[in-house]
Amino acid sequence: MSDCLFCRITAGEIPSKKVYEDDLCYAFYDIDPQAPTHFLVIPKDHIPSVSAVNEENAPVVGHIFAVIAKLTKELGLESYRVVSNIGQQAGQSVFHLHFHVLSGRDMTWPPG
Ligand code: 5GP
Ligand code: ZN
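Each position in the sequence shown, counted from 1, maps to that position plus 16 in this note's numbering.
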């Protein structure tokens, strides 16, 4: 989708600080980090949010979690939080599926 910010980032039309890339997903540092380490992992195909995941496109979500496990190990992150906001009330501001990976500080529960 040409009007989607994260589709434009995966296409290289908007610069980003890459953490990892493969055929299915792209990981990059968040422009407004909420923890000492804060990156996003997104599918290259446009999926609006978790609420649009179905049996057909679900494999990429499993792949993304395998990538998160691999990247966090490589980065030496032993404790971290994975977050996906769904809908405006939950704080979603970019409507292309993404998983925040946050690490490096104490975190509270429940999240605000
Ligand atoms: P959401 O609010 O949808 O859960 O998360 C969207 C995230 O994308 C936010 O944490 C925001 O800081 C990040 N973001 C928004 N625009 C850009 C951008 O142009 N580049 C990068 N690297 N991150 C962005
Ligand atoms: Zn998109």
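Think of the CB as a built atom: it goes at the ideal place given N, C-alpha and C, for glycine as much as any other residue.
Here the structure is a predicted model, which is why all the values come from computation and not from measurement.
Would residue i and residue j qualify as a contact pair, given that the criterion is a beta-carbon distance under 8 Å?
i	j	result
I58	H114	yes
H62	H112	yes
V76	I102	no
Y36	V83	yes
T53	G120	yes
Along the chain, where does the beta strand (DSSP E) that runs through residue i open and close?
i	result
I84	Per DSSP, I84 belongs to no beta strand (DSSP E); it is in the alpha helix (DSSP H), P75 to E90.
T53	T53 to P59
F111	From DSSP, F111 is part of no beta strand (DSSP E); its letter is neither H nor E.
C41	C41 to Y45
V69	That residue, V69, is in no beta strand (DSSP E); it is neither H nor E in DSSP.
P34	It should be noted that the sequence gives Lys, not Pro, for residue 34. First-last of the beta strand (DSSP E) with K34: K34 to E37.
R97	Y96 to V99
For residue i, which residues in the same chain have their Cβ closer than 6 Å to its Cβ, ignoring the five residues on either side in sequence?
i	result
I88	Inspection of the sequence shows that residue 88 is occupied by Thr rather than by Ile. The answer, listed in chain order, is Y96.
Is residue i near ligand 1 - that is, is its Cβ less than 7 Å away from at least one heavy atom of it?
i	result
Y36	no
H62	no
D19	no
D48	yes
Q108	yes
Is it right to say residue i is buried, meaning 16 or more other beta carbons lie within 10 angstroms of its own, or is it exposed?
i	result
T26	buried
A43	buried
F55	buried
L118	buried
I47	exposed
F22	buried
What is the residue span of the alpha helix (DSSP H) that residue i lies within?
i	result
R24	L21 to T26
Less than 7 Å between the CB of residue i and some heavy atom of ligand 2, yes or no?
i	result
H114	no
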